[in-house]
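Undergrad:
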Amino acid sequence: MKAMGGLLLAGVMLLFCLTPAVYAEDIHIVDETLDPWLYDETVAGAPTIHIVNESGSIGEAVARANPGDQVLVESGTYYETIDVDRALELRGIDTGGGMPVVCGNGSGSLFTLSGAGISLDGFVVNGSGVTVLSDRNVISNNTIIGGDILLTVRSGGNSICDNVLEGGNITIVFGTVMTVRGNILLNGSIALYRSYDLTVRDNLIAGGGLTLVNVADGAFFNNTISDNPDGCAVDVRRSFCNIIAGNVIRDCGCGFRTGESANQVYLNTFVNNTVHVASVDLSGGCDLWSSSDPVTYLFNGSAFVGTPGNYWDDHTGTDMDGDGVLEDAYMVGESSGVDQFPLAYPGEEYTVTYADERP
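Here the sequence shown is numbered in this note's numbering, starting from -18 and rising by one per residue.
1) CB-CB under 6 Å to A42, same chain, minus the five flanking residues each way: which ones, in chain order?
2) Could you have a look at E315 and say whether DSSP puts it in helix, strand or coil?
3) Cβ atoms of G163 and G328: under 8 Å apart, would you say?
4) Check whether the Cβ atoms of T157 and S176 lie closer than 8 Å to each other.
5) I need the DSSP call for S45, collapsed to helix, strand or coil.
6) Is it true that the CB of G149 sits closer than 8 Å to the CB of I186?
7) Where V286 and Y278 are concerned, what is the direct C-alpha to C-alpha distance, given to the nearest angstrom?
8) Figure out for me which residue from T250, I171, F221 has the closest Cα to the Cα of C142.
9) Tell me the rounded alpha-carbon separation between A130 and E61.
10) So, is T255 buried or exposed, given that buried needs 16 or more other C-beta atoms within 10 angstroms?
11) Please report the straight-line C-alpha distance between Y326 and G305, rounded to a whole angstrom.
12) Can you name the start and end residues of the beta strand (DSSP E) that I99 belongs to?
13) Consult DSSP for I171 and reduce its assignment to one of helix, strand or coil.
14) Would you kindly work out how many angstroms separate the C-alpha atoms of I115 and T58, rounded to a whole number?
15) Return the chain-ordered list of same chain residues with a C-beta closer than 6 Å to the C-beta of Y292, the five sequence neighbours on each side being excluded.
16) In this structure, does DSSP put G287 in helix, strand or coil?
17) Between P289 and S271, is the Cβ-Cβ spacing less than 8 Å?
18) Please classify P28 as buried or exposed, where buried requires at least 16 other C-beta atoms within 10 Å of its C-beta.
19) Taking buried to mean at least 16 other C-beta atoms within 10 Å of its own C-beta, is D216 buried or exposed?
20) Looking at C-alpha atoms only, which residue of D208, G103, G298, T160 is the closest neighbour of G234?
21) Taking A259 as part of the beta strand (DSSP E), name the residues at either end of that continuous run.
22) Once DSSP output is grouped into helix, strand and coil, what is the label at G328?
23) Run through DSSP, which three-state label would G110 get?
24) Which residue marks the beginning of the beta strand (DSSP E) containing I130, and which one marks its end?
25) Using DSSP bridges, identify the partner residues of M159.
26) Around the Cβ of S100, are there at least 16 other Cβ atoms within 10 angstroms (buried) or fewer (exposed)?
27) Exposed or buried, N139, counting other C-beta atoms within 10 Å across all chains shown (16 or more means buried)?
28) With a CB to CB cut of under 6 Å and the five nearest residues on each side skipped, what residues in its chain are close to F237?
29) Can you name, in chain order, every residue of its own chain whose Cβ lies under 8 Å from the Cβ of D232, other than the five neighbours on each side?
30) Report the rounded CA-to-CA distance for A44 versus T205, giving the unit in angstroms.
31) Taking just the CA atoms, how far does V246 sit from Q321?
32) In whole angstroms, what separates the C-alpha of A46 from that of A284?
33) If you compare alpha carbons, which of L248, G318, Y174, M301 is closest to T332?
34) Could you give the residue range of the beta strand (DSSP E) that holds H296?
The structure is reproduced here in structure tokens:
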């Protein structure tokens, strides 16, 4: 009888060891390898935490999880495609071997977010990308190699923040109330179609550009777009009521191309572009090349109120009153527009405070 009890105990221990790590309510985390914010904490009534290591499957953990659960993926390489169809937090954690890598064959998407309210954070996605088919998702702190982040169905409330894309694009179609912030795109672009109320800011785009087609009521500021000698940095078609401000546009074939559009364009820096501004329609568009309303800005240690324009490296003039704005207007490239208040110095010399964080 004692022998049978020992066998039963051994069997239970073996079963426990083979079961993927799943923590339910009232969790006391004692594994220091997980994450500093988890260690030595007791979480009462918390969602279930599913931990996946290299011998397991992310997709299987997602299938077991309930809405609101966390799926934590340890260092390793995972060869699978994952469809996330419920509200989960998927987070990669470095357990000593770097962030977890999910590999594909270059076709399709490695992550498809078909459920709403998903967080995807901390993965290296290699050979393909991420497709979003739902609302209120957050994609952050991922490195995507040779793939895109695609939002090509009608959706809203999604955020794409602090990712690195190497050779891939961020494409949004039919998007509303979205944020694209703090991303680095190397040899890739941000392309937006038939969307409105987007905030695109603080992104670095090298070897690509920013495209707006049928986009309205957006804020596009503090982006740096460079190193695209055969292409266009900012391409705006049939787009209206957008504010494009505080961006650095340099070393591109065309800095800004506009067609059938009416937007505010100011406090941008245009440097070393073959053509600063080109127009694709005879009217030259109706873009306003300065702020429509007075803004308060700091220049050379003093505060000024005005409607500043943009900095153009091929324009010189005089600044009689020392407010950082030239008295001589600038004819804007191939368009019919005029920058009435061109800046005397590049945009980084000016500090602007926006009441609603939208310039």
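Here a beta-carbon is modelled for each residue, glycine too, at the ideal position from N, C-alpha and C.
If you're wondering where the values come from, they're calculated on a predicted model, not measured in any experiment.
TA: Based on what the coordinates show:
1) H31, V33, V52
2) coil
3) no
4) yes
5) First, the amino acid is wrong: residue 45 is Arg here, not Ser. Of the three classes helix, strand and coil, the one that applies to R45 here is helix, per DSSP.
6) no
7) 6 Å
8) I171
9) For clarity, residue 130 is Ile in the given sequence; the question names Ala instead. The straight-line gap from Cα to Cα measures roughly 17 Å.
10) exposed
11) 7 Å
12) Here I99 belongs to no beta strand (DSSP E), and DSSP marks it neither H nor E.
13) strand
14) It is Ser, not Ile, that sits at residue 115 in the sequence shown. Their backbone Cα atoms lie some 27 Å apart in a straight line.
15) T250, L324, P327, G328
16) strand
17) yes
18) buried
19) buried
20) D208
21) 256 to 260
22) helix
23) strand
24) 130 to 132
25) L179
26) buried
27) buried
28) V215, V258
29) S207, D208, N209, P210, V252, N253, N254
30) 40 Å
31) 12 Å
32) 55 Å
33) L248
34) It is not in any beta strand (DSSP E) - H296 carries neither H nor E in the DSSP assignment.
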